[in-house]
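Chains as they are written, first to last, in our numbering: chain H, 20 to 396; chain P, 272 to 774.
Quick reminder that beta carbons are idealized off the backbone N, C-alpha and C, glycines included.
One structure is given here, and the rest of the page talks about it.
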């Protein structure tokens, strides 16, 4: 029996990866970006999305360029290219990113639950339940996780598209103006926000050993990026057209408010917001899971852990405390914002650039040495 | 240390009677044979397994008749040379093997001067004939069902698959029961590694008795704590034959009318035989209905609780008011009310199953109509809860496989608690947990959720036979269970293809 026959072959298909990343990126970005744009750029948020996408393409190009030289896994490639110490520093950087990402996803998911599904619930209770679920999902490796999102993709996608289509009659196109009215700084900040939401694409670097066709990982990421950007553009245009910039600015989660307003023709349900919350619930859970899984993967490499799940429990605990901290202390949210803008975003690009540079230098040296030896011979 | 059968008949008789002392159901006969009736043979059998006392018309009778025409000196040689005339197995060399042969329901034959024992088949153990399968009813298709005899069951499969490629591999399970277990498959379709894995799993345990295929199923299952069965069961030979044609392996166990099919997936549990006998529109409609039913059988009462207790804004005001009015005077919280009705319903179902046929139906009527109505009249439960529970029950009955439906019935209670305590959030958490669990589940290397996941393994061909069962013309490939290179199951010859293009 070939390896791909087995359920526990530790390999996932490109379709699974594509769907996983669409949900990872879409959940958080569609929930938060409209609010950020309405506060900063208004209708120019559309340009921010497009510029952000361009940034994402650059990121994916860097990912692809590095993956071209990878023989096995990312950590091994880093060690070969930049040496043990530098690669450990980079791994710590990734670890911090994924742990904070999972903490933030947990915070968002729990506040979404508290706001829309269970207002009288407690943060701790909900967060613990979600963390348990995420740990359960991670325990069996990547395939189980990928399969969940592969199967629910259209179950979430079809109702979402239907609701967006039904919202179109309420769109007032005059709200889409004025355009090109924002200042450069606002556009820059809007675009960097988009790019921050695209940073989970870095997880692609670690997926090489788990993918059936690793050479197509970056292309898969690009497809996911296009889908997410298209969805975000449509959602933003609809939200802007329905609420206008000012009203949207005061809404907590405009896309969920929109879901509550759409009337199903001849509908049985009077409001769909609770039902449609499922889309973002599953999408944010996907991101939480990705954060914990990737964080565990990095920690395992750093600690040379082989069998036990110690790293998983550590990452899960850290994510819980990070989420709880963000919920209880507002300033932590601001610090996280600064970290994302000033450290995580530039750091991700710089690491990939540096690795490419190191690789070129190293191969150049090798080639030089080889040439010298040939001459001596 | 096994006891060897010797040419000395008296010694063999002594050993055999020691082994089967105090076994009054075993008939032991010493019969004179040879032209002058000076030689002796010894025939033993379980009382009811051999048809007539004088055996005149039976194989044994004819065999004895022949032996009485031969000189005594030639008897042993004759038997040695003509074993195949009367026996379907090689002669036994040891007493233990011979005893085992007799316990399968055949007669044993010992002859003076012959150091072997022959197994001579006759009527065999009593058993039912071929009856209609009691579960998995179909509107169209064969009504034959498996019986308790493994030989009959393999024959029913052979009747449908008349190909030399169909193989039957025999093994025995149970130290004391020595239950015959057959693995039936088509050699050139299966993944040999799956067969190997199944055989390994069968050898992983040693149990004193395997009285039904259910015991083998439980002992060979990988995820013991999962509510979902990892082996598909069937009582229908046509379903088993269809599975074999898909490259799956059917496990038959003696004394059990239930065959196990492996590997299996969620999708295969929802499929029925007549899905393929009916037109594709009907098959697709009923299959989609069954998918929805399997989901609702698990979540419907929970969703009712979530909507009425936590998210009333979802429902139209009129409906909400009518729900509130119907609950007036009911002293219990909605969750307790649902639990009471669900437990009452499960009790009725259990009582209905255990009681004999006609009484079982009475229980249904008494429970469903009288107790239900009385409970509503007494304000113990509201009419809407009776409707919810009844609809949930209908949904669980629509799932074609009993074991699979039971998984949803158990999970239904988990959802009642989750949704009753946490509302729609509980529903989502429960759904996610079930999905994560199902996505980890596998049956002999095949993901349980195939082809909704991992469809790339079969080039996305298996997706044509899921919610919708596309016309048979589109189902040219066998599912993922079949080995690569043997997946084509439908081909049109050129003429047919041209005709189709012309149309």
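By Cβ distance below 7 Å, which residues in the same chain neighbour residue i in space, the five residues on each side in sequence not counted?
i	result
residue 561/P	541, 669, 670, 671
residue 582/P	694, 695
residue 247/H	41, 44, 45, 48
residue 117/H	310, 313, 314, 317
residue 297/P	291, 315, 317
residue 445/P	478, 479, 480, 481
Could you work out which residue in the options is closest to residue i when comparing CA atoms only?
i	options	result
residue 351/H	246/H, 67/H, 122/H	122/H
residue 238/H	45/H, 76/H, 60/H	76/H
residue 415/P	507/P, 571/P, 446/P	507/P
residue 733/P	751/P, 409/P, 719/P, 720/P	751/P
residue 302/H	210/H, 175/H, 61/H, 354/H	175/H
residue 460/P	294/P, 478/P, 516/P, 315/P	516/P
residue 162/H	754/P, 726/P, 710/P, 420/P	710/P
residue 420/P	405/P, 453/P, 447/P	453/P
residue 369/H	87/H, 218/H, 212/H	218/H
residue 555/P	741/P, 288/P, 658/P, 567/P	741/P
residue 189/H	257/H, 157/H, 137/H, 153/H	257/H
residue 228/H	374/H, 375/H, 89/H	89/H
residue 158/H	708/P, 295/P, 537/P	708/P
For the alpha helix (DSSP H) holding residue i, just list the boundary residues, first then last.
i	result
residue 453/P	Residue 453/P -> not in any alpha helix (DSSP H); beta strand (DSSP E) instead, spanning 450-457.
residue 67/H	64-88
residue 339/H	329-347
residue 641/P	No alpha helix (DSSP H) contains residue 641/P, which DSSP labels as neither H nor E.
residue 701/P	673-711
residue 730/P	Unbroken run through residue 730/P: none, as it is neither H nor E.
Can you check DSSP and say which residues form a bridge with residue i?
i	result
residue 503/P	532/P
residue 522/P	454/P, 531/P
residue 100/H	Looking at the DSSP assignment, residue 100/H forms no beta bridge with any residue, so it has no partner.
residue 441/P	453/P
residue 381/P	313/P, 388/P
residue 365/P	275/P
residue 415/P	403/P
residue 748/P	759/P
residue 230/H	31/H
residue 658/P	Bridge partners of residue 658/P: none, in fact.
Suppose the cutoff is 6 Å on Cβ atoms and the five residues either side in sequence are ignored; what does the same chain contact list for residue i look like?
i	result
residue 622/P	634
residue 715/P	465, 468, 533, 534
residue 650/P	600, 601
residue 268/H	57, 58
residue 178/H	none
residue 55/H	212
residue 309/P	343
residue 223/H	82, 236, 240
residue 225/P	Residue 225/P lies beyond the stretch modelled for chain P, which goes from 272 to 774, so this question has no answer here.
Output the distance between the C-alpha atoms of residue i and residue j, rounded to the nearest integer angstrom.
i	j	result
residue 367/H	residue 79/H	11 Å
residue 306/P	residue 451/P	40 Å
residue 334/P	residue 319/P	20 Å
residue 391/P	residue 476/P	32 Å
residue 662/P	residue 615/P	15 Å
residue 21/H	residue 231/H	Reliability fails at residue 21/H, whose pLDDT of 45 lies under 50, so the model's placement of it is uncertain and the value that follows must be treated cautiously. The straight-line gap from Cα to Cα measures roughly 13 Å.
residue 23/H	residue 520/P	Note that residue 23/H scores a pLDDT of 44, beneath 50, so its modelled location is shaky; the value from the coordinates is reported in the next line. Approximately 20 Å between the Cα atoms of the pair.
residue 357/P	residue 379/P	11 Å
residue 589/P	residue 289/H	11 Å
residue 456/P	residue 473/P	16 Å
residue 402/P	residue 417/P	7 Å
residue 376/P	residue 370/P	10 Å
residue 578/P	residue 103/H	56 Å
residue 114/H	residue 182/H	37 Å
residue 603/P	residue 488/P	41 Å
residue 285/P	residue 398/P	32 Å
residue 63/H	residue 210/H	10 Å
Excluding five sequence neighbours on each side, which residues of the same chain lie with their C-beta closer than 8 Å to the C-beta of residue i?
i	result
residue 431/P	508, 509, 512
residue 321/P	298, 329, 331, 378, 393, 394
residue 384/P	278, 280, 310, 346, 347
Residue i lies in the beta strand (DSSP E); which residues open and close that run?
i	result
residue 343/P	Residue 343/P -> no beta strand (DSSP E), and no H or E assigned at all.
residue 302/P	297-304
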